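**Q** What follows is a single structure, and I will ask about it in a moment.
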Amino acid sequence: MSRSSWLLPLASIVVAVPAQATQYLSVEQAQRLCFPAASEFVEAHIVFTPADVAAIERASGQKVRTRGEQVWRAQAGGRLLGFFIVDYVIGKHEVIDYAVALDASGKVGRIEILQYRESYGGEIANRDWLAQFAGKGGGASLAPGRDITIISGATLSSRHVTEGVKRVLAIHDLLLR
Amino acid sequence: MTSCCVEACRARPLLGTLVEITAWGADRAALDDAIDRSFDAVATVHRLMSFQEPDSELSRHNRGAAAGGLHPWTQRVLAAATDLRARSGGAFDAACGGAGIDLSGIAKGFAVDRAIETLRSAGVARGIVNAGGDLAVFGDREIPVGVRDPAEPGRLAAIVRLGNTAFASSARPLDPMTRKPASACSGASVRAPSCMIADALTKVVGVSGEAAVPLLREMGAVAVLFRDGRMVALAD
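These protein sequence lines are chains A and B, in that order.
Our numbering numbers the first residue of the first sequence as 1 and each following residue consecutively.
Our numbering numbers the first residue of the second sequence as 178 and each following residue consecutively.
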């Protein structure tokens with residue numbers, strides 16, 4: 001197995017999965033992708049009252065962890081095209097920032113992940129140990145987090161995002177109509 | 178490569194996971210357009226073949242309520258599932274008791290293949306599609322991919338270098354006979370020419386272990402099996 005050219009086993013050495021932090025899109029990039037026809041994005045952030053929180057939680061069945069929601073009105077020459085809403089969800093090992101685009105009637109258009117951060121704690125990325133494999137299969141040295149950004153195994157669930165979108169829809173129904 | 182300098186990486190929740198698409202090419206707007214179409218292909222597979230969504234074509238088919246013929250993509254995946262069931266002696270089985278057919282052990286890989294095909298035909302120079310660990314890469318460069326220890330997902334067990342190939346991992350594969358985790362095996366990863374085949378073969382390797390070697394060879398695949406805290410390379 002050690003002669004394998006494609007597989008580099010890391011057996012017997014603890015190499016923690018590096019804390020993954022991927023920035024996919026900035027808010028501005030996501031706004032343009034979601035509403036290419038928009039001429040302006042007007043800030044319409046919401047601050048929840050305790051009554052809002054209770055109503056959102058009742059309507060969506062999801063916990064409200066924030067004191068408000070980041071909302072923009074996507075407009076073209078003053079006409080409302082839809083809402084651009086930034087929300088985040090927290091899983092067991094990850095925090096996901098994402099954007100939801102709703103059309104003017106509140107129907108979900110796109111969902112784009114803005115940022116994904118994952119940590120299993122106790123991170124010991126053993127760069128020196130990995131460095132000895134530099135060039136083994138051709139190419140530069142490998143450092144988790146820098147070169148090894150793609151990870152296979154232990155499927156990530158989109159369940160939290162799906163639940164988050166339910167909350168976003170409730171916020172729209174109760175506070176943006 | 179002179180035509181390749183900009184990188185775009187995007188992710189969307191699809192197929193019950195986060196699907197990440199990375200593409201390299203000459204300009205960002207063209208890449209975003211190609212990535213959008215690539216996500217559309219994944220969304221189409223999701224809409225057709227989701228076992229969980231009652232409105233998917235597969236769910237309607239399972240209820241005997243699919244009007245007209247099945248989409249060519251659904252037909253292809255069903256045919257591949259039938260073929261792999263025969264070739265694996267039942268170690269891969271999409272039949273789900275009385276609940277009809279569940280293609281979740283193969284459709285995710287198929288979706289990755291369609292996403293890659295879309296990027297290629299859009300003229301993207303280099304790309305990676307990763308659907309929660311089932312992934313494929315193409316282009317002019319090998320890409321290092323970390324493989325999690327299935328028994329302890331906070332750790333990397335291996336690094337693989339992938340170029341113009343597919344790679345899928347599955348933790349705790351279920352034995353289709355018993356519907357329980359395949360004994361002594363905590364997970365399996367397979368490299369194969371297509372992600373659909375890699376995806377399906379992770380289940381075969383998880384269930385059959387070394388007995389899967391002839392099938393791996395037949396399909397041009399190699400595998401890594403995680404068992405008793407050790408890694409075993411198969412058909413390498």
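Ideal Cβ positions, reconstructed from N, Cα and C, are used throughout, including at glycine.
Just so it is clear, the structure is predicted and the values come from calculations on it, not from any experiment.
Contact criterion: CB-CB distance below 9 Å. Does P190 of chain B meet it with respect to chain A?
**A** If you number the second sequence from 1, residue 190 of chain B lands on position 13. It does; some Cβ of chain A falls within 9 Å.
**Q** Could you tell me which chain B residues have their CB closer than 8 Å to the CB of E112 of chain A, listed as they occur along the chain?
**A** Start at 1 with the first residue of the first sequence, and residue 112 of chain A comes out as number 112. The contacting residues are R187, A188 and R189.
**Q** With a threshold of 7 Å on Cβ separation, who are the neighbours of F35 of chain A within its own chain once the five nearest residues in sequence on each side are excluded?
**A** Here residue 35 of chain A corresponds to residue number 35 of the first sequence, with the count starting at 1. Excluding sequence neighbours, F35 of chain A sits near A74, L81, G82, F84 and A101.
**Q** Looking at the secondary structure, which residues open and close the beta strand (DSSP E) in which R79 of chain A lies?
**A** Here residue 79 of chain A is taken as the residue at index 79 of the first sequence, counted from 1. Counting along the chain, the beta strand (DSSP E) containing R79 of chain A begins and ends at R79 to I90.
**Q** What distance in whole Å lies between the Cβ atoms of L280 of chain B and A271 of chain B, which are believed to be in contact at a cut-off of 8 Å?
**A** Within the second sequence, numbered from 1, the residue matching residue 271 of chain B stands at position 94. Within the second sequence, numbered from 1, the residue matching residue 280 of chain B stands at position 103. That belief holds up - the Cβ atoms of A271 of chain B and L280 of chain B are roughly 6 Å apart, short of 8 Å.
**Q** For G138 of chain A and chain B, any beta-carbon pair shorter than 9 Å?
**A** Translated into the one-based positions of the first sequence, residue 138 of chain A becomes position 138. Note that G138 of chain A scores a pLDDT of 35, beneath 50, so its modelled location is shaky and nothing firm can be said.
**Q** So, helix, strand or coil for W6 of chain A, using DSSP?
**A** Within the first sequence, the letter at position 6 stands for residue 6 of chain A. If DSSP states are grouped into helix, strand and coil, W6 of chain A belongs with coil.
**Q** Using a C-beta to C-beta distance shorter than 7 Å, which residues of chain B count as neighbours of Y88 of chain A?
**A** Counting from 1 along the first sequence, the entry for residue 88 of chain A is found at position 88. Result: empty, since nearest Cβ-Cβ is about 13 Å, beyond 7 Å.
**Q** For E112 of chain A, count neighbouring C-beta atoms within 10 Å of its own C-beta (all shown protein chains included) and say buried if the count is 16 or more, exposed if not.
**A** Within the first sequence, residue 112 of chain A is the residue found at index 112, counting from 1. A residue is called buried when at least 16 other Cβ atoms come within 10 angstroms of its Cβ; E112 of chain A meets this threshold and is buried.
**Q** Straight-line CA distance for A365 of chain B to G397 of chain B?
**A** Position 188 of the second sequence holds residue 365 of chain B. Position 220 of the second sequence holds residue 397 of chain B. Straight-line Cα distance between these residues: approximately 16 Å.
**Q** Would you say L102 of chain A faces chain B, with C-beta separation under 9 Å as the test?
**A** Within the first sequence, residue 102 of chain A is the residue found at index 102, counting from 1. Output row for L102 of chain A: interface = no.
**Q** What residues from chain B crowd round Q27 of chain A, counting only those whose CB sits closer than 8 Å?
**A** Your numbering for residue 27 of chain A matches position 27 in the first sequence. According to the sequence provided, residue 27 of chain A is Val. The question's Gln does not apply to it. Against chain B, the beta carbon of V27 of chain A has no neighbour under 8 Å; the closest one sits roughly 14 Å away.
**Q** V401 of chain B to P353 of chain B, Cα distance in whole Å?
**A** Numbered from 1 along the second sequence, position 224 holds the residue referred to as residue 401 of chain B. Numbered from 1 along the second sequence, position 176 holds the residue referred to as residue 353 of chain B. So the two alpha carbons sit approximately 20 Å from each other.
**Q** For the alpha helix (DSSP H) containing E387 of chain B, list its first residue and its last residue.
**A** Taking the first residue of the second sequence as 1, we reach residue 387 of chain B at position 210. Taken as a continuous stretch (DSSP letters only), E387 of chain B belongs to no alpha helix (DSSP H), as it is neither H nor E.
**Q** Starting from the Cα of G241 of chain B, find the closest Cα among B:L195, B:A276, B:G193 and B:S227 and give me that residue.
**A** The residue labelled residue 241 of chain B in the question sits at position 64 within the second sequence. Residue B:A276 is the option with its Cα nearest to G241 of chain B.
**Q** According to DSSP, which residues form a beta bridge with N307 of chain B?
**A** Along the second sequence, one-based indexing puts residue 307 of chain B at 130. Looking at the DSSP assignment, N307 of chain B forms a beta bridge with B:E197 and B:L312.
**Q** With distance defined between alpha-carbon atoms, name the residue in B:A257, B:R297, B:A412 and B:L378 nearest to R214 of chain B.
**A** Along the second sequence, read from residue 1 onward, the residue named residue 214 of chain B stands at position 37. Closest in alpha carbon position to R214 of chain B, among B:A257, B:R297, B:A412 and B:L378, is B:R297.
**Q** DSSP three-state call for F41 of chain A: helix, strand or coil?
**A** Counting from one through the first sequence, the residue named residue 41 of chain A turns up at place 41. The answer is strand: DSSP assigns F41 of chain A an E or B state.
**Q** I need the boundaries of the alpha helix (DSSP H) containing V322 of chain B, first residue and last residue.
**A** Position 145 of the second sequence, counted from the first residue, corresponds to residue 322 of chain B. No alpha helix (DSSP H) holds V322 of chain B; the beta strand (DSSP E) holding it covers I320 to D326.
**Q** How many angstroms separate the CA atom of Y88 of chain A from the CA atom of V64 of chain A?
**A** Stepping through the first sequence from its first residue, residue 88 of chain A is reached at position 88. Stepping through the first sequence from its first residue, residue 64 of chain A is reached at position 64. Whole-angstrom Cα-Cα distance: 11 Å.
**Q** So the beta strand (DSSP E) V337 of chain B belongs to, where does it begin and stop?
**A** Within the second sequence, residue 337 of chain B is the residue found at index 160, counting from 1. Element bounds for V337 of chain B: E329 to L339.
**Q** Helix, strand or coil for E230 of chain B, going by three-state DSSP, please let me know.
**A** Translated into the one-based positions of the second sequence, residue 230 of chain B becomes position 53. E230 of chain B falls in the coil class under three-state DSSP.
**Q** Could you list which residues in chain B have their beta carbon closer than 8 Å to that of T22 of chain A, in chain order?
**A** Here residue 22 of chain A is taken as the residue at index 22 of the first sequence, counted from 1. Close to T22 of chain A, with beta-carbon spacing below 8 Å, are these residues of chain B in chain order: C186, A188 and E197.
**Q** Among the candidates B:E395, B:R404 and B:A334, whose CA atom is the shortest distance from the CA of L7 of chain A?
**A** In the first sequence, residue 7 of chain A corresponds to position 7, counting from 1. Nearest to L7 of chain A by alpha-carbon distance, out of B:E395, B:R404 and B:A334, is B:A334.
**Q** Got a sec: is the Cβ-Cβ distance from E175 of chain A to anything in chain B below 9 Å?
**A** Indexing the first sequence from 1 puts residue 175 of chain A at position 175. Reading off the sequence, residue 175 of chain A comes out as Leu, not Glu. No, L175 of chain A does not count as interfacial toward chain B.
**Q** Taking the C-alpha atoms as reference points, what is the distance between A44 of chain A and Q115 of chain A?
**A** Locating residue 44 of chain A in the first sequence gives position 44, where the first residue counts as 1. Locating residue 115 of chain A in the first sequence gives position 115, where the first residue counts as 1. Answer to the nearest angstrom: the Cα atoms are 22 Å apart.
**Q** Using only alpha-carbon positions, find the residue among B:P190, B:D209 and B:E184 that is nearest to W201 of chain B.
**A** Counting from 1 along the second sequence, the entry for residue 201 of chain B is found at position 24. Checked all of B:P190, B:D209 and B:E184; the closest Cα to W201 of chain B is B:E184.
**Q** What's the call for S385 of chain B, buried or exposed, on a 16-neighbour Cβ count within 10 Å?
**A** In the second sequence, residue 385 of chain B corresponds to position 208, counting from 1. Looking at its Cβ environment, which holds 16 or more other Cβ atoms inside 10 Å, S385 of chain B is buried.
**Q** Answer with buried or exposed for G68 of chain A, where buried requires no fewer than 16 other C-beta atoms within 10 angstroms of its C-beta.
**A** By one-based count along the first sequence, residue 68 of chain A stands at place 68. Result: exposed.
**Q** Looking at the unbroken alpha helix (DSSP H) that takes in I283 of chain B, where does it start and where does it end?
**A** Start at 1 with the first residue of the second sequence, and residue 283 of chain B comes out as number 106. It is not in any alpha helix (DSSP H) - I283 of chain B carries neither H nor E in the DSSP assignment.
**Q** Would L235 of chain B pass as a contact of I150 of chain A if the rule is Cβ separation under 9 Å?
**A** For this step, residue 235 of chain B is matched to residue 58 along the second sequence. For this step, residue 150 of chain A is matched to residue 150 along the first sequence. No, the pair does not count as a contact, with Cβ atoms beyond the cut-off.
**Q** Is the beta carbon of L169 of chain A sitting closer than 9 Å to the one on I46 of chain A?
**A** Counted from its first residue, the first sequence places residue 169 of chain A at position 169. Counted from its first residue, the first sequence places residue 46 of chain A at position 46. Contact: no.
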